[in-house]
Every structure is written in structure tokens, then in C-alpha cells.
Amino acid sequence: MSKLRSILLTLSALLFLASTPHALHAQLSTTATITGLVTDTSGSVVPGADVSATNEATRVVTHTQSNSQGQYVLPGLSVARYSVSVAKDGFNTYDVHAIDLHPAVTTTVNAALKVGSSTQTVNVTSSEAAVETATPETSASVPSMQVTTLPLNGRNYQGLATLMPGVQNTSAGTALTTGGRATSNVLSVNGLQTNKTFYALDGIWNENTGNMTQTTVVPNPDSLEEVRVLQNNFSARYSLMGSSVVLLQTKSGTSSFHGAAWEFLRNDDLNAKNYFATSILPYKQNIFGYNLGGPIFIPHLYNTDKQKTFFFFSEQFVRLTQTPTGTLTGLTPTQDQRDGLFSSPIKDPSTGANFVQNASGQYVLSGIDANAAAYLAALYPLPNYSNGSGNNYINTKPQKTAQRDDEIKIDHNFSPRLHLLGEYLDEYQEYQQNNLSSVESGEIYSTNSETDYTHNKLAQLSLTQVLSPSMVNTTSIAMNIFDLDLDLEGTTYNSQVSGFNQTLPYDGNLSDRLPLVTISGGIAPQGIPANLPQQHAADLDNTVSDDWSWLKGNHYLQAGATIVFNTKRQDPPSASNGQFTFTGTFTKPTSGAVTEDDAIADFLLGDASTFTQTSNEIRVAVHGFTFSPYLEDRVKLTRNLTATVGLRAYFMPLPYGPPGTETNFVPSAYSPAEAPIVNASGTITTTSNYNALNGLLYNNGEKGQLPKNFSNEHNWYLGPEIGFAWDVFGDGKTSFRGGYGLTYTRVFTNQDCSYHCALNPPALSTSNLQNPDFSDPAGTGTTKAATISSLSAADQDIQATQVHTYSASLEHEFPRSWTAGVTGAASQARHVVGTWNLNAPAHDGVYDFNPVINAGTVTPYLYAPYQGYAAIGDYRTHLDQNWNALEVSVKHPVSDSLFATVSYTYSHDLTNYTSVGTYNVIDPYNPQRYYGNAEGLNYPHSLALTGIYSVPWLKSDRSWRRAVFGGWQYSDITTIRSGTSISPGLSVSDQGNAVRPNRAAGVSTNGDKTVKEWFNTAAFSAPAAGYLGNAGIGTIRGPGLVDFDMSLYKTFHVAHGNDFEFRAEAFNVFNHTNFSGVSSTYGSSTFGEVTSASDPRILEFALKYKF
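Listed below in C-alpha cells is the structure:
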């Protein structure tokens, strides 16, 4: 290990010295590169030729020369359309126009010079580069025209994923969000989980640090220059984080002013009804905005040639009001119940006799608790609904979203050799929900509602320097802030309820929130859940690094290093405000079952069954650090064969929380001699040697304890990559490419214990009381007997997930610019993080666990290896995932009034990771035992077709008919794919520790594919006592998807350079019912039934103005 560390430190030092004094670049560079070979018509190389690339939008020129091998390179170019000119005395000048550059792409422009005068020019018009011959990478891109033209359900760029083979939109068929807390990364690349893809906007880190499943800023499509996905064998320059990379490139200003304004309108009057809805739900959405770009100049004083300073500004607004899918109905106390009047007998706990009846025969409650009455009146709404089902309340409050997005981008050219970029993006959203159901299961009332405020920001400064005709360096700094406040509207704090006054055992942080109250008998829970309100949740990433490139002979060298500082601040949920449960046991008559009336009567009297409160709510700051240098050599072995070899190193220790304040359970530190006696009921009896912190070690770095990040077993990682690109016939029309790469995904708060371990003892104490009084639980309740408690933990061997990718692809360009490609691709994820119960009861002979547990008379943890504890949720990186695919793509670039792509993927995705159940591993004593189809990621067949077509009506007509009926264009995204894999769950009365049903051997799970029985439910049965169940992961095939999204639009020319565009868009235009949710829990009354469907047909109209 020390030798490896010395090698890596030496490599890092060399890279730092190589980039001095131009070091420190903040993110993944998304600049483009032009490279090529200059020859004469006989094929001999031409050294010393002058090569210039002109940005056609800004007219900025970049110069270089061909070297002794005739090669040249122009790295660090802005993403735009360029012209390339090659000149050499004694030869005609060679000019190529309309070369579109793409982010992180090397474009090859070879020049064959004819003998003649340099004043004579040979002009060539470039078409979109069809076949990649310079690099081994597998990637796909969608340029601006397609981004703004294709129909996007939700105006979210991730909806373009279907254009790319090997990339899945896991939410296809459903409108994506425009940003904020509700947004999520839905792209699965190469079959991997959505958090394994890294997102960068103009190279800036663009992800929520805490979970890596949300992008910080979702740019509007009209601000995007291109969307690009790097899938396999991509340069070490881009392998900083994740097994794949999504690069977003925004637009820039040009030498002339250009801009646009738009509004997109949706209305429930235009929508069809969802299959499971009884009516079309109210929905009103307006998305409107504008952008403007151009030169910054002062006539006759500054930038008079408009080639020095440019700006681009974009702003978009979202206004959405909707009734959420799934009507919220339930029970609330009636007016009679509030007044203490009950139709069924109610026992007086003080006398044992029933309360007296009034003249109407109602039992009249006396001695109502003042705090309970005040709480009920303030928080529980009166009945407002009746449908014969027994429910008497419906929540009709709408959900509202208000969002504003801003971007400002400045480009400044100090000289043709020095370019500065600065930009700032700001996304602010208020998302008003209609209740608290997103954080408290079963809560339905509109009395309190959650409002999520997100204020996310990205910013960067980037300096590109042309150090010589063959050497370029880019230097930048950047920041990424994902900022979230979860706030409440309504009655939140004790002080808001007149006359409410409680005395709780603890008075820690946020203990002045109203307590959570649960009343048995069907009444929905009410009050403030443990995780609201959040004081503040923020993720901050500051990144610094450098990218350097040098063309030396046949070698194109790239090197650099990246430093990332991460901080996450958030409160782990804890019930510092207290939680009461009322079960009706005090007022229930001596005979009969507990009723709703009994539980409400208990509440009105203030007689709770149980009370729980934690001593405090802790605010945790988690810090992470990454240092990652890389080196790559792309060498031209022959004129038509290029090899690439690269290496990226990672110094990526585990993140850490507040040192000395967190504890982690370490099995080697546990002593059976210090364990208590665990009783069958789950209570414990302490002994003279009892240690309440048995096995728990502090993160204080002291001897015998743990380092601040719990483990330093894995800090350094190496990611090699090797690949080739072969221009098979040397004409640029056929390529064979392939390679191997090893990348890593980071470990942070949702994949280690730096966040959750803050709740381990002794940081928090918990008061558990029986039969407490609502007003004074500490003074009246009886302390429950000490019980076993759950813990969070992280394995000492935890490490970053490594992803091995392989691919080999064959591409060919056919006549009329059609191209086709076939790729074999594979990915293998090793050390995938997952949670499992470290304290699960051990196997017992032939049984998976002691069958006595099934009877429910003893706690399962009577048979656990670590006595004194209940479940120990342990984060471990011992899981695997394997994906193999055959990918076929056909493409026609934008020309001849047609753009078209066809993408087909045939794949198989396998894993031992499951999300069904409390833990990701079913049997922690044999984690490989359950291995099957990856849930929600395994799509065997996926076909996507896209097209943009100019309708050839009335082309030659010069009358009004052409103005109205001619010039229409049509675009389409069609997605057809098989259903993903689903795992069966288990919910039966005597299941014990089982989490899976049994699957009958030899019996197919395929059913009739009806709403009432989607799969063969007879193939499953409850496991026998003592067994976990043998049904594997992903044994059920879910519903497939057939979705046609179409757009019809027309441009009206109103003046020179001024156009209006009218758009009519339809998503799921044929209103095909795409089922989505299937009940897969054995024992549920709905087992096997389809429970939800994706979006029905949605219509949208838009108007754009462009100049």
C-alpha cells in the first residue's frame, strides 16, 4: 500500500508541475477539439501548414500548425459551428465550412492539398460527422435543433434519453418535472442505477451531493446547445465520477444579437382521463420565458468589431396548479365526537362504569382534557365528504408550483490565445403540497401542508490559454449549491394553539413543535412528523482542477487533476417533539373490540397508551474530499488506427460527520460478556457487566476508537482505460472501435453512515412511556422496560463502487448520409453499496431462522448474534450487478428535410441488490443466494424512433395557401419497450423473518396480463415457518410501454430574421393505456393486480418568437 501511495503521489506531483502555473480547473471541461492530418494529393504529409478555425457565430479565430507528421490539433474550442482553413505555400488553400462541434468530442477534419497558388481556394461544405474514427468511446449527442424541436413531456432534457441505445428513461410515459425537490435523475445508462451517472452542466458538478439522484439545475431546452451522454470507453478526462456522464452544454452569445420568447400551455380541458381516475383531475400549467444573446460593445469605444465580449441570458418561469393523482380521503372526528357525545358505550376509566347517557341515548364524556380539546379543534378538520365507504373527509386542496430559472453567461476573448468564461445559474422553486403525506404515511388533512423551497445555484470561472500551436490549458473554479428548506403552512408549533400547554420529558431542539398523534380505529395521524420542519438542508460542492493537452508527434497527451470539497448539512429525523398513540384501551367497555369511538374518547380524556420522545434533533454537517489526477495518451499508430491509454487515480476517503459525536457498530469491538439478557418480549435485563455502548466506537481518532470517517481501509483507487479506433478503409466511412474502462462512483451520505450514525447512542436518549397523560407525559407515564434498540453502522471494508465497462462497435456511413452502428456493450458493477441487517437471526440447522419466530411470541432478536440490539442496518459494498447488451442504431442527420434516429437495445441486467423489504440483502449470511433480474432496470427489449420531417405541402405555391397550410413540420419520439422486472414481497400474519414468498418450481409467473391478474399469482405461496422464501429477485415481468409523443409546428416569417412558431404537441397521442404499478406483495388483497397507469393523452400548445 505504501509503494502504491508513493507512486500515486509522485504522479500527482508531476501532473501539478506540468500544469504550473496554469493549475486549478473546477470541473469536467466540455470544450471541443478539432484534429486532422494535412497531406498532399499523393498522400505525403505536409508539415508546417497554417491551420485556422473560425467560430462562425463570433468570428473568433484560433490558429495552429501541422507538425512534422502532418498532424494538427485545436483543443479548447467553444461548442459552436466552425470553418477550418488550411494553407501552405505552393498549395491551394483548403477551406471547410459548417463544421458543428460538440461538447467533449474530437472532430476530425483532414485536408488533402492540391499543388497551386495559396491564393486559390478549394471550398468544401461539411456535413454532420457520421462515423467516429478518432476515439474508442461509445457516446451519443442531441444538438440544439433536436432539443428544442422534439416533443419533451415536461420540458426536461432527460426525456431525450430514448434517442440513445443503452440509455433508459425509467419514468418514460410520465411527465418529468422542471426542477426543485421533486425532480429526480431518471436515466439508467448501461443498466446501472440512476445514481451511477454523473451530471455536469457546462462542466460544472450538477448533482445533489447527498443522494446523487437529483440534478441541481434543470436548464430549459431553449438554453441548451447540446445534450451528450458518454457511455463507454470515454476519455480519462471525463471519468471523475460515475460510470457514465451526462454533459449539458448551454448556448453562448455571438457577434450578432439573437433571442427567443416562449410560452407552453397545458390545461386539464385538453387532457384525457387516466385509466384509474374517475374524472379528469384539475391541472393548469404555464411555462414561459425568454433568452437573449449577443455582443457587449460600446460604439466607437469598446469591442467595435464585436469579437471580444459576448453575453447570453435566459430566464424561465413555471406556474403549475394541480390536484395530485390519488384522492386523499379518510376519517376525521365528527362534531358529536368532538363534543364528547358517542353513540356506542364508553367506559369511564375512573369508575369502570359506562358514562351516562343523554336524552338522545348518547354517552356523554366528562373530564375532557383541555389540551386534547384544543389540539383537536386546531388540527382536525370537520367532516366534509360522504360516499358510503365510511370515510367522511376529502382533501381537495391543490398543489402549486412556482419556479424561476435564471442564467447569465459571459465570454471574453483577451486575445486569440486567451479566453475567459464566467456564468451563474439560479433555480428557485416553491412547491406547495396539500398535506404532509409525503413525509408521514397516511396523513390526509389539509390543516397542515408542506412547502418545499429549493434555491439551487451553479457558478464558474474558466480560463482557456493557448500556450503554443500544439498546447492548450484550461483553468477554472466552480461551485454547486443544492439548497432545500422543508417548511410548514398551518398549525405547526405549540404556541399557535390557544391554551395548549404540555410538559415533555425533554426540551431539546425543535421540541416546541406540536406532537404527532395517532388515534386507532381509522383516524388518520395528525401533527408534525419527526423530519419536519427541516431547519435547513444544503449540499455544497466546490471543485478545483486543471486540464492540459499537448500534441507531440503522433501522441496527443492530456493530463490534469481535480479537487472536490463536499459538504452536506441536514437534520437526521428524530422525534424531539414527541409522539402519542391512543388505542382506546382506557374507555373500551369490558366486552367487544376497540372501536373508533373508544380511541377518540381516550384522546379527549388525554389517556395515551404510549409516548415516545427523543432528547434532541441534531444538525449534521458531513464533509467529503476528492483529489483525482489523470494522464492519457492518444497515439496514432497508423494513419487509420488510433490507440488510447489512460489512467485516473482517486484519493477519495470516506466522508465524515462531526468528529467525536458519532458512533459506529464494529463487530470486533462487541463483547458477549457485556451484553444484557434479552427476554422473549424484547425487553432486556441488565447484568453487572452490562455495557450500553457494547460494540460502539466513537469517530474521534483516538486509540481504540475509529477515525473521523469510520474507516481508512480504502482511500486510493486506480481507474485505467484502454481503447482503439480503426478507420477500416481509411475513407472515414467505416470504423471499428472498442475498449475497456474502469470508473468509480463516490460514497457519500446515503451510501455510508456519516449521516445516519449521528442517531446512534449515546448522542440521543429516548423516553418511552406507557399510559402517559397527554398534558404531562413525564409526570404521569410509567417508563417502559428497557428494550433492544436498532442501530446504524458501516462496514470497515466499505469502498467506492467500481464499474468495469466493455464495448466493441462497428459503424458505417451509407449513401444519402444514413449511418448505422452495431455495438456490443457490457458493464460489471462491483462493491455496490447496500444495507443489510447485521444482526439478523442466524441460520438454525436446516432453517433460515428459528421457526419459533413465526409464532410471534418471541422477538426475533432473541436469536441474534449481537445480543442486546435489534436490527443493525449495516452499509456494505459487497453487492454486484452485471449488464450485457446488443445495441443497434440508425441515424440520418438534419438534411433533405429529414432527421431520423432508430435505437434498439437488447439487454439483460442481473444483480443481488433488492429494494423490496427493509434491507437491500435478503439473506445476510449468503448475499449471493438471491440473484436475479434487476428491479426497475432490466428492460430486455427497447426500441425508440425519433424523427423531424418538413411536410412538403405547397412548396411551389406563392399564394396565401402556402402561408397558412404550407411549411408545417412534424416531430416524434416513439418508445416501445418490454416491462421491467419486479420482485415479489410478503405480508402475512405469521411470516416471521421471511421477506419473500415461495415460487413453485417449474410454474411460470406469466399470467393473463389483465388488470385483476397481471401475473400468475398461483405460482407463489407463503414459505413454511423458519424459511425466508425462495422467490428470487425480479421474477415478475411488469407491464411494457408503448408511447407516441408527437409535435406539429409551423414557423411564420414576419420580418427579416423575425419568426413566430406555433406548436401543438401531444404526449401519448393515441391515449394508449400504459400500466405502471403492479401489486406484488403476497398476502395483500390486491396481489397481482395493476394499481396505476402512466399519463393518458396530454395536449400542449406553445407559441415562440425568435429573432
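Heads up: the sequence shown is residues 1 to 1107, going by full-length UniProt numbering.
The beta-carbon is built from N, C-alpha and C at its ideal position, and this holds for glycine as well.
These numbers were taken from a predicted model, which means no experiment stands behind them.
Tell me whether the beta-carbon of Ser615 lies closer than 8 Å to the beta-carbon of Gly719. no
Going by the beta-carbon positions, is the gap between Ala829 and Gln881 smaller than 8 Å? Cβ atoms of Ala829 and Gln881: closer than 8 Å.
Pick out the complete beta strand (DSSP E) segments inside the region 928-991, 3 residues or longer, and give them in chain order. 941-950, 968-977
Can you give, in chain order, each stretch of the alpha helix (DSSP H) that sits fully within the region 351-416 and has at least 4 residues? 370-379
On the DSSP letters alone, give me the boundaries of the alpha helix (DSSP H) that Glu132 sits inside. That residue, Glu132, is in no alpha helix (DSSP H); it is neither H nor E in DSSP.
Beta-bridge pairing of Thr610 - partner residues as DSSP gives them: Thr581, Gln770
Can you confirm whether the region 394-412 touches the region 319-337 when touching is taken to mean that 3 or more C-beta pairs between the two stretches lie within less than 8 Å? yes
Quick check on this structure: which residue in Ala673, Val822, Asn640 has the alpha carbon closest to the alpha carbon of Gly732? Asn640
State the CB to CB distance for the pair Tyr199 and Asn211, rounded to an integer number of angstroms; the pair is presumed to be in contact (CB under 8 Å). Actually they are not in contact, since the Cβ atoms of Tyr199 and Asn211 sit about 13 Å apart, beyond 8 Å.
Tell me whether Val246 is buried or exposed, calling it buried when 16 or more other Cβ atoms sit within 10 Å of its Cβ. Looking at its Cβ environment, which holds 16 or more other Cβ atoms inside 10 Å, Val246 is buried.
Does the Cβ of Trp836 have 16 or more other Cβ atoms within 10 Å, making it buried, or fewer, making it exposed? buried
Which residue from Tyr385, Ile528, Val890 puts its Cα closest to that of Ser817? The option with the nearest alpha carbon to Ser817 is Val890.
Quick check on the DSSP output: the beta strand (DSSP E) that includes Pro299 runs from which residue to which? Run containing Pro299: none; DSSP gives neither H nor E here.
Close beta carbons around Pro381, own chain, < 8 Å, minus the five adjacent residues each side: Within the same chain, and ignoring the five residues on either side of Pro381 in sequence, the residues whose Cβ sits closer than 8 Å to its Cβ are Thr332, Tyr393, Tyr445, Ser446, Thr447.
Give me the residue from Gln460, Tyr302, Thr135, Phe482 with the minimum Cα distance to Thr183. Phe482
Cβ distance (whole Å) where Asn1074 is taken to contact Leu1041 below 8 Å: 5 Å
Are the CB atoms of Ile684 and Ala786 nearer to each other than 8 Å? yes
Report the rounded CA-to-CA distance for Leu486 versus Ala372, giving the unit in angstroms. 27 Å
Among Asn473, Leu421, Leu862, which has the Cα closest to the Cα of Ala840? Leu862
Among Ile99, Gly695, Thr905, Ala601, nearest to Asn123 - alpha-carbon criterion: Ile99
How many Å lie between Gly781 and Arg513 at the Cα? 20 Å
Met145 by DSSP, collapsed to three states: which one? Assignment of Met145 by DSSP, reduced to helix, strand and coil, places it in the helix class.
Report all residues from its chain with a CB closer than 7 Å to the CB of Phe951; omit the five preceding and five following residues, and keep chain order. The identity of residue 951 in the sequence shown is Val, whereas the question assumes Phe. So the list reads Trp968, Gln969, Tyr970, once near-sequence residues are dropped.
From Leu24 to Ser462, what distance separates their C-alpha atoms? Its pLDDT being 34, under 50, Leu24 is placed unreliably in this model, and the value from its coordinates should be taken loosely. Each residue's Cα considered, the two are about 10 Å apart.
For the alpha helix (DSSP H) containing Glu596, list its first residue and its last residue. Unbroken alpha helix (DSSP H) run through Glu596: 596-605.
So, for Asn566: in the same chain, excluding its five sequence neighbours on each side, which residues have a beta-carbon less than 6 Å away from its beta-carbon? Thr209, Asp541, Gly624
List the whole-angstrom C-beta distance separating Ile34 from Thr148, where the pair is believed to meet the contact cut-off of C-beta under 8 Å. Actually they do not touch by this definition, with Cβ atoms about 25 Å apart.
How should Met241 be labelled, buried or exposed, when 16 other C-beta atoms within 10 angstroms of its C-beta is the threshold for buried? Buried, since its Cβ has 16 or more Cβ neighbours within 10 Å.
Contact set for Tyr424: own chain, Cβ-Cβ below 6 Å, skip 5 residues either direction: In the same chain as Tyr424, and ignoring 5 residues on each side of it, the C-beta atoms closer than 6 Å to its own belong to Ile408, Ala459, in chain order.
Which listed residue (Tyr717, Asn699, Trp716) has its alpha carbon closest to that of Asn709: Asn699
If contact is defined by three or more beta carbon pairs under 8 Å, each pair taking one atom from either stretch, is the region 938-946 in contact with the region 976-994? yes
Test item: CB-CB of Thr464 and Gln249 under 8 Å: no
Counting along the chain, where does the beta strand (DSSP E) carrying Asp269 start and finish? Asp269 -> no beta strand (DSSP E), and no H or E assigned at all.
Rounded separation between Ser19 and Arg237 - CA only: Note that Ser19 has pLDDT 39, beneath the 50 cutoff, so the model's placement of it is unreliable and no number is given.
Let me check understanding here. Comparing Cα to Cα, which of Tyr925, Tyr82, Ser139 lies closest to Val229? When Tyr925, Tyr82, Ser139 are compared, the shortest CA-CA separation from Val229 is found for Ser139.
Please look up how many angstroms separate the CB atoms of Pro103 and Ala175, rounded, as I've assumed it's under 8 Å. That belief does not hold up - the Cβ atoms of Pro103 and Ala175 are roughly 27 Å apart, past 8 Å.
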